[in-house]
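> Each residue of the sequence shown is one higher than the last, beginning at 1 in the UniProt record's numbering. Each residue gets a CB set at the ideal place from its N, CA and C atoms; glycine is no exception. Next up is a structure, given as structure tokens.
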Amino acid sequence: MTRFVGCKIDSSGALCLDRQLIQKWLDKLHELNKKYETLNLSNDYIWFLLLVMQTNNLTEPFNKPPPEGELPPLNTIMPRNVYEEVLKKSDANSAWIDKVMSNKDVPEKSKDIEVAPPKFLANQPRPKNGTICYMAAFSNFSLGRE
1 MTRFVGCKID SSGALCLDRQ LIQKWLDKLH ELNKKYETLN LSNDYIWFLL LVMQTNNLTE
61 PFNKPPPEGE LPPLNTIMPR NVYEEVLKKS DANSAWIDKV MSNKDVPEKS KDIEVAPPKF
121 LANQPRPKNG TICYMAAFSN FSLGRE
């Protein structure tokens, strides 16, 4: 993502065009995340934006500001050749992920971490206008009950 990292701020204090476009898209997609009905659509766009950014080149639809109003499904506005090109380039750029994941020198984290219930609850995200619900289901088959 070197293209986006080296982005300079001009004399007016504005970020380069690529960053401005990405910010506009992220703002638009953030609005979609607020409604359950548009969550899948938002996830599709965010996933594809991530792939596009890994190619170091903004392509459709992210090379223009997001449209006003509702976003159409990504597969209806995306030219097939652009979609395939982004997938190929992102596959080539994702080799570093495999390298990191296969690194055997990284010590394994302990799996025996216990957290007191009040501390566990305090660390959970809290919805602004919602409820937190916790449910645990378990079974003890060692007692011979089914």
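With three or more beta-carbon pairs closer than 8 Å as the criterion, would you say the stretch 19-29 touches the stretch 51-69?
yes
> Answer with buried or exposed for Phe120, where buried requires no fewer than 16 other C-beta atoms within 10 angstroms of its C-beta.
exposed
> Comparing alpha-carbon positions, which option in Glu68, Gln54 and Pro67 lies nearest Glu85?
The shortest Cα separation from Glu85 among Glu68, Gln54 and Pro67 belongs to Gln54.
> Tell me the rounded alpha-carbon separation between Gln124 and Leu39.
21 Å
> Enumerate in chain order the residues of its own chain whose CB-to-CB distance from Thr73 is below 8 Å, with the five nearest sequence positions on each side excluded.
Here residue 73 is Pro; the residue named in the question, Thr, does not match the sequence. For Pro73, where only same-chain residues beyond five positions count, the Cβ hits under 8 Å are Leu41 and Asp44.
> Nearest CA to the CA of Leu58: which residue from Tyr36, Val82 and Leu71?
Between Leu58 and the set Tyr36, Val82 and Leu71, the nearest pair of CA atoms involves Val82.
> Just to confirm, is the Cβ distance from Leu21 to Ile46 under 8 Å?
no
> Leaving aside the five residues before and after Gly130 along the sequence, list all residues of the same chain whose C-beta is less than 8 Å from its C-beta, in chain order.
none
> Do you know whose CA, among Phe48, Asn75 and Glu31, lies nearest Glu68's CA?
Glu31
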